[in-house]
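Asks: Protein chains in written order, with the working numbering: chain A, 1 to 175; chain B, 1001 to 1150. Beta carbons: idealized from backbone N, C-alpha and C, even for Gly. Below are the structure tokens for one structure; questions will follow.
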């Protein structure tokens, strides 16, 4: 192969790489809860609030409601997903230094969601999203849309609309 | 245009609560009651102190419009009348509106950097009805007829 051939081949490979980069991507907000990793679509997470933002306890609310916070004069709820995701609390979530509050908003609902650690906000090729396996635990099936591997970590992609809906269902059952 | 809302605010179990002043027709001390008047402790309604004695927690009371003198809302300390700027009053976030366990909770407000839970007195009246059959007048509290403040 001549040097010109090699050059042209290399250019073709580079072009192929560029095409690969243009592969459809989706923005994900990846976070940790307990020792597991989850993600929401970036489109439904409007803001990340520092975890040490004061959250005011509101009496007579379900245990999964941490309280409300003041966001530039507006009131926003802060909830925990531990119960919904059947996670065991291993630390004081409200005071964990790495914690954050994701402001989630869908057409039907909005709330702050306490997470133990925000890992990253990244664009991920849609080809990396794998459908959930049939063996996925039944309680997760209503709101898990995909699985992916991020930096070697298994991440479960959640549908925020379904999360809100099932969180509310869970509170109704608890009454 | 309403700029301020008169509220009767009280402190109970480490939290601030308030009722629209239009629905509160009097307040007084729990020791000054006639034998027929029943005091329903607010904590009982809130279900924060279900195991506590109903009357022992109530040092003061509020008389709500619509209670027809049948009962008083027992609270732990004297209430105060405030004027709440309307811009400090917020509807409950939708998730809390849908999941609240205390249906009288109607809104929240910021007052002197404290969170205040705003209650619907009409719902309180409804919540009280089934509990009133369980609350007998407390003979230890009977002294004389109340003289509503304000």
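List, in chain order, every chain B residue whose beta-carbon is nearer than 8 Å to that of residue 74/A.
Replies: Within the first chain, numbered from 1, the residue matching residue 74/A stands at position 74. Under the 8 Å cutoff, chain B gives 1090.
Asks: Taking all protein chains shown into account, decide if residue 226/A is buried (16 or more other Cβ within 10 angstroms of its Cβ) or exposed.
Replies: Missing from the structure shown is residue 226/A; chain A here goes from 1 to 175 and no further.
Asks: Nearest by alpha-carbon distance to residue 46/A: which of 105/A, 32/A, 74/A is it?
Replies: Counting from 1 along the first chain, the entry for residue 46/A is found at position 46. Cα-wise, what sits closest to residue 46/A is 105/A.
Asks: Could you run through the stretch 1021-1039 of chain B and flag, in chain order, every residue whose CB is less than 9 Å away from some CB of chain C?
Replies: Note that chain C does not occur in the displayed structure, where the protein chains are A and B.
Asks: Note down, in chain order, all residues in the stretch 30-44 of chain A with a beta-carbon under 9 Å from any beta-carbon belonging to chain B.
Replies: For the stretch 30-44 of chain A, which is checked against every Cβ of chain B, not one residue is closer than 9 Å.
Asks: Roughly how many angstroms lie between the CA atoms of residue 1118/B and residue 1109/B, to the nearest whole one?
Replies: What you label residue 1118/B is simply residue 118 of the second chain in a count that begins at 1. What you label residue 1109/B is simply residue 109 of the second chain in a count that begins at 1. Between residue 1118/B and residue 1109/B, the C-alpha separation is close to 7 Å.
Asks: Counting C-beta neighbours from all protein chains within 10 Å, is the total for residue 127/A 16 or more, i.e. buried, or is it exposed?
Replies: Position 127 of the first chain, counting from 1, holds the residue named residue 127/A. So residue 127/A counts as exposed.
Asks: Mind listing, in chain order, the continuous beta strand (DSSP E) runs of no fewer than 3 residues lying wholly within the stretch 1092-1127 of chain B?
Replies: Taking only runs of at least 3 residues, the beta strand (DSSP E) segments lying wholly in the stretch 1092-1127 of chain B are 1105-1111, 1114-1119.
Asks: For residue 1121/B, which residues from the same chain have a beta carbon less than 6 Å from its beta carbon, with the 5 sequence-adjacent residues on both sides left out?
Replies: Here residue 1121/B corresponds to residue number 121 of the second chain, with the count starting at 1. Once the five neighbours on either side are set aside, the close Cβ partners of residue 1121/B are 1019, 1023, 1064.
Asks: Starting from the beta carbon of residue 1093/B, find every residue of chain A whose beta carbon is closer than 8 Å, and list them in chain order.
Replies: Looking up residue 1093/B in the second chain gives position 93. Near residue 1093/B (Cβ distances below 8 Å), the residues of chain A are 68, 75, 76, 77, 110, 111.
Asks: Going by the DSSP bridge assignment, what does residue 31/A pair with across the sheet?
Replies: The residue given as residue 31/A occupies position 31 in the first chain. Looking at the DSSP assignment, residue 31/A forms a beta bridge with 38/A, 118/A.
Asks: Quick check: is the beta carbon of residue 63/A nearer than 8 Å to any beta carbon in chain B?
Replies: Working through the first chain from its first residue, we reach residue 63/A at position 63. So, not an interface residue.
Asks: Between residue 111/A and residue 76/A, which are expected to be in contact by the criterion C-beta below 8 Å, what is the C-beta distance as a whole number of angstroms?
Replies: Within the first chain, the letter at position 111 stands for residue 111/A. Within the first chain, the letter at position 76 stands for residue 76/A. Confirmed, Cβ separation roughly 7 Å.
Asks: Under 8 Å Cβ-Cβ, which residues of chain A neighbour residue 1100/B?
Replies: In the second chain, residue 1100/B corresponds to position 100, counting from 1. Result: 60, 61.
Asks: Would you decide whether residue 1002/B is buried or exposed? Buried here means 16 or more other CB atoms lie within 10 Å of its CB.
Replies: Start at 1 with the first residue of the second chain, and residue 1002/B comes out as number 2. It is exposed - the Cβ of residue 1002/B has fewer than 16 other Cβ atoms within 10 Å.
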